[in-house]
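Below is one structure, written out as structure tokens, with a few remarks after it.
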Amino acid sequence: MARTSLRLGLAIILLVSVLLFRSTLASLWNNGFHSIPVDVRNGTASAMPETPDRVVVVGKMKHEDTEWVIEDLYDWQHAIYTVDDPTAPLTVPKNKGHEGNVYLQYILDNYHALPSTIVFLHSHRDGYPLAWHTEFDTHSNPITVQRLKTDFVQRNGYVNMRCNPYPGCPNELLPLRNPPDPMRGPEYVYGEAWKKLFNNTNVPEVVGAACCAQFAVSREQVLKRGYGEYEWFHSWLMETELPDDISGRVLEYMWHVIFGKEAVYCPDMEQCYRDVYGVYSDY
């Protein structure tokens, strides 16, 4: 009899424990704790932060390795567009216009849900000569993004990822020069492109900005232009008969204008390093 009572008591305790456990799980679920995130870097079941409010946008060809974006910049969102693979998760309707195509496509795809900070980069990770235009001794895109002062991006709206002003500053293009300088790439078409893109004839006499189409912008700055304007920029790029290298370079020296700067945007190099990266110049 005593043994039967003991078994009955244990059964009751077990039943109560199961009910309490189920109640606790239900409470956690209802409060949004649907899973325990795992830190994939070290395999621990530690809490991970919410989706970061910043993104790195990269355009690539199928053969290019961009795993570094995910591995080195794990605390950023990633938008990697494969321009020559229509089956890729992120792609473009037409492989045309170099990086400008991807940059504009990202804005069109995400205009109504942009993160606070957007960094537009090429597909190369680091090294010379491939990434010669990327900052610091290692010419490393991961390092520049890791050092980037996003608070300055928010204040300034647009930030060129290259502080070294050469090439590009102070007067890369003279759109009204006659005849155009054949060594200045897009100079001979820049004026007409300006008129089409901005629907005005106020073509600047001088255009200057550090090369090479890697930059950061704030959401607020992007939204200062309407969705339709970015559609127009993109349609021009898709429809122009200019060679890709020329149309891409037209945009290379127009991004700073699109995002609110004057035609000549050449910050002091030392000040740029302090503002953008919180460091002093290597030069």
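Numbering-wise, the sequence shown is residues -26 to -1, 1 to 257 according to mature numbering (1 follows the signal peptide of the UniProt record, and there is no 0). In this text, a Cβ means the ideal position worked out from N, Cα and C, and glycines have one as well. In this text the structure is predicted, and so the values were computed from the model without any measurement.
Inter-residue Cα distance where the pair is Val133 and Val250: 7 Å
Where the beta strand (DSSP E) through Tyr132 begins and ends: 132 to 134
Run of the alpha helix (DSSP H) containing Lys170, from where it starts to where it stops: 161 to 172
For residue 264, the three-state DSSP class (helix, strand or coil): As displayed, the chain neither begins before -26 nor continues past 257, which places residue 264 out of reach and without an answer.
Minimum C-alpha distance to Tyr239 - residue among Arg136, Phe126, Glu109: A check of alpha carbon separations from Tyr239 across Arg136, Phe126, Glu109 identifies Arg136 as the nearest.
Unbroken alpha helix (DSSP H) run spanning His230, endpoints: 229 to 232
CB contact flag (Gly142, Cys186, <9 Å): Contact check for Gly142 against Cys186 passes: the beta carbons are separated by less than 9 Å.
Cα-Cα separation between Gln188 and Asn152, rounded to whole angstroms: 30 Å
Among Lys70, Phe126, Glu179, Lys68, the one whose alpha carbon lies nearest that of Thr245: One point to set straight first is that residue 245 is Gln, not Thr, in the sequence displayed. Among Lys70, Phe126, Glu179, Lys68, the Cα nearest to that of Gln245 is on Phe126.
Contact check, Asn115 vs Leu95, beta carbons under 9 Å: yes
Same chain only: Cβ atoms within 8 Å of Lys34, ignoring 5 sequence neighbours per side: Thr40, Ile54, Tyr55, Thr56, Val57, Ser97
His47 and Val30 closer than 9 Å at C-beta: Residue 47 is actually Leu in this sequence, not His. Yes, they are a contact pair.
Which listed residue (Asp218, Val196, Ala237, Trp210) has its alpha carbon closest to that of Val93: Val196
Local Cβ density within 10 Å of Tyr102, reported as buried at 16 or more and exposed below that: exposed
DSSP state of Tyr239 mapped onto helix, strand, coil: strand
Local Cβ density within 10 Å of Gly159, reported as buried at 16 or more and exposed below that: buried
Nearest residue (CA-CA) to Leu150, options Lys70, Pro178, Asn130: Pro178
CB of Gly119 within 9 Å of CB of Glu146, strictly: First, the amino acid is wrong: residue 119 is Val here, not Gly. Going by C-beta atoms, Val119 is not nearer than 9 Å to Glu146.
Neighbourhood of Thr212 by C-beta, 8 Å cutoff - its chain only, sequence neighbours within 5 removed: It should be pointed out that residue 212 corresponds to Met in this sequence rather than to Thr. Same-chain partners within the cutoff: Pro67, Lys68, Lys70, Gly71, Asn75.
Boundaries (first-last residue) of the beta strand (DSSP E) holding Gln79: Not the beta strand (DSSP E): Gln79 falls in the alpha helix (DSSP H), residues 73 to 84.
Option nearest Arg193 by Cα separation, candidates Val231, Gln128, Leu171, Lys36: Gln128
Nearest-angstrom Cα separation, counted from Tyr164 out to Pro60: The alpha-carbon atoms of Pro60 and Tyr164 are separated by roughly 31 Å.
Cutoff 7 Å; reference Thr124; Cβ partners in own chain excluding five residues on either side: Arg28, Thr91
Cβ pair Val79, His208 closer than 9 Å: Residue 79 is actually Gln in this sequence, not Val. A contact, by the Cβ cut-off of 9 Å.
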